[in-house]
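Those protein sequence lines, which keep their order, are chains D and X. Residue numbering for the first sequence follows numbering that gives the first Met the number 0, starting at 0 and increasing by one per position. Residue numbering for the second sequence follows numbering that gives the first Met the number 0, starting at 0 and increasing by one per position.
Protein chains: 2
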Amino acid sequence: MYDLFFRQFNKKVPLTMEEQLEITKFLTPKKLRKRQYLLQEADVCKFVAFVEKGLLRQFTLDNNGNERILQFAPEGWTISDLYSFLTAEPSSYHIDALEDCELILINKSAHEALLSKIPKYETYTRLQITGAYIAMQRRLSSIFSATPDERYASFMQLYPDIANRVPQHMIASYMGLQPKTLSRIRRRISNNH
Amino acid sequence: MYDLFFRQFNKKVPLTMEEQLEITKFLTPKKLRKRQYLLQEADVCKFVAFVEKGLLRQFTLDNNGNERILQFAPEGWTISDLYSFLTAEPSSYHIDALEDCELILINKSAHEALLSKIPKYETYTRLQITGAYIAMQRRLSSIFSATPDERYASFMQLYPDIANRVPQHMIASYMGLQPKTLSRIRRRISNNH
DNA sequence: TATAACTATTGATTTAGATCAATGGTTTTT
DNA sequence: AAAAACCATTGATCTAAATCAATAGTTATA
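Now the structure itself:
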């Protein structure tokens, strides 16, 4: 049930068996069916979710009702609206399941208890957020410096796993492009084989 | 010398006088003249820098030698290339001073010593990186959802301080626009007053 | 199995930002 | 104080992505 979570945790901060058992007490497993929401806009985000199995996405809807995907989260990733989680302000994002999912939720009181009781948990969260920060900075950087063609190519290379599990128009959305534009980019790339 | 640093630190995690003195031992003050580099591409980033005074920017150069500004850092902000700092890989960014600066550097061994000796330092860094993550996510979100006009307006509102201290073409660069395009946007906005 | 909903491709047109080019104003440097 | 470097604005043109529109293929559902 918590296999992947503790594998990832141990990679960042090694734990004893006792520590794992202690931490487990604060975790809440949750299953989510494809298309179900984990978080809806205007709700307060009450969790940090670790993905044991499946795939989720975080997105917003623009004025015309179009989806803008901010983040994909496959197995081994963590997803939340941290701003809402930390401030208890209503979220401006949706999170839903793109596949049937098995999640581990850490709710706010559990998060705070873990932080104060288990120093290694604080180290784990620090390293986890640092990694997410670095990944996002690279993404921002590539939006500025790379052409859409290059960005598509590097997305496919960096996340082949995600790329093969979501429809193309979601990849377009993640890259800030219209699906039709991405279709043309693919043709362009394949012509230059 | 360390006024602002400890003010910000205390806002996140209150410290005793003894703790402040202990932490101070690990800090390295540094002055930087306008236009000087703090970090150059291909160098390994050996510090996390807190800005006591002045203003810096983190940027890359594209194939045509154009600057792409990823981040401004005025007083009270922290700047580094965390990826390079953590992995000791060469950085792909430049950091330089836009004004004469007074900085506090925390080098790698100091950072590690502080993490292991002073639990509050780990909490401080965790909260600091979390804030930076949230800010960057909002920026990415606005690139996707907002028009350039809206993004310019909200930059001016969110960071009026920075906006008044840097030339317009750097704001354009931060927003991923050509200076000329920003010039037209400004005219458009002022016409709709 | 049939129907409906979703998905990807392609063509034609429009539009907004990039690029080319010139000017006048400001700041910095000598 | 003069010269040089930097900066912002504006006009004209070009280009690439968005938009409009139609079609065919795929997946999900009744």
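Cβ atoms here follow ideal geometry from the backbone N, Cα and C, with glycine treated the same way. Predicted, not measured: the structure shown is a model, and the values here were computed from it.
Query                                                                                                                                                                                                 : Result
Considering just the uninterrupted stretch of the beta strand (DSSP E) at residue 70(X), what are its terminal residues?                                                                              : 66-73
Please tell me whether residue 192(X) has its Cβ less than 8 Å away from any Cβ of chain D.                                                                                                           : With a pLDDT of 49 at residue 192(X), under the threshold of 50, the modelled position of that residue is not reliable, and no figure is offered here.
Does the region 128-136 of chain X come close enough to the region 36-45 of chain X that 3 or more CB-CB pairs lie under 8 Å?                                                                         : no
Who are the near neighbours of residue 106(D) in its chain, counting only those whose CB is closer than 8 Å to its CB and skipping five residues on each side?                                        : 27, 45 and 46
Buried or exposed, going by whether 16 or more other CB atoms sit within 10 Å of the CB of residue 23(X)?                                                                                             : exposed
Listed from N- to C-terminal order along the chain, which residues in the region 117-135 of chain D have their beta-carbon within a distance smaller than 8 Å of any beta-carbon of chain X?          : 118, 121, 122, 124, 125, 128, 129, 131, 132, 133 and 135
Using DSSP bridges, identify the partner residues of residue 49(D).                                                                                                                                   : 77(D) and 103(D)
Report yes if the CB atom of residue 61(D) is closer than 8 Å to the CB atom of residue 153(X), and no otherwise.                                                                                     : no
Would you decide whether residue 87(D) is buried or exposed? Buried here means 16 or more other CB atoms lie within 10 Å of its CB.                                                                   : exposed
How would you list, in chain order, the residues of chain X whose beta-carbon sits under 9 Å from the beta-carbon of residue 67(D)?                                                                   : 140, 143 and 144
Which residues of the region 53-85 of chain X have a Cβ closer than 8 Å to any Cβ of chain D? Give them in chain order.                                                                               : 59, 61, 67, 69, 81, 82 and 85
Do residue 94(X) and residue 194(X) count as a contact pair if the criterion is CB distance below 8 Å?                                                                                                : Not covered by the structure: residue 194(X). The range shown for chain X is 0 to 192.
Straight-line CA distance for residue 71(D) to residue 161(D)?                                                                                                                                        : 8 Å
Going by beta carbon distance, what residues of the same chain come within less than 7 Å of residue 73(D), once the five residues before and after it are set aside?                                  : 50, 54, 160 and 161
Using the three-state DSSP reduction, which class does residue 139(D) fall into: helix, strand or coil?                                                                                               : helix
Which runs of the alpha helix (DSSP H) fall wholly inside the region 2-60 of chain X and span at least 4 residues, in chain order?                                                                    : 2-11 and 16-23
Can you tell me the Cα-Cα spacing of residue 142(D) and residue 149(D), whole angstroms?                                                                                                              : 10 Å
Please go through the same chain and pick out, in chain order, the residues whose beta-carbon is closer than 7 Å to the beta-carbon of residue 178(D), but skip the five residues on each side of it. : 167, 168 and 171
Are there any heavy atoms of the ligand FAD lying less than 7 Å away from the beta-carbon of residue 84(D), as far as the coordinates show?                                                           : This structure does not include the ligand FAD; it has no bound ligands of any sort.
Looking only at its own chain, which residues have a Cβ that is under 6 Å from the Cβ of residue 84(D), when we skip the five neighbours before and after it?                                         : 44
Got a sec, what are the start and stop residues for the alpha helix (DSSP H) residue 184(X) sits in?                                                                                                  : 178-190
Thinking C-beta only, is residue 155(D) closer than 8 Å to residue 139(X)?                                                                                                                            : no
Buried or exposed: which applies to residue 57(X), given that a residue is buried once 16 or more other Cβ atoms fall within 10 Å of its Cβ?                                                          : buried
Just tell me which of 5(X), 25(X) and 34(X) has its CA closest to the CA of residue 75(X).                                                                                                            : 5(X)
What residues in its chain sit with their C-beta under 8 Å from that of residue 11(X), if we drop five residues either side in the sequence?                                                          : 122, 123, 126 and 127
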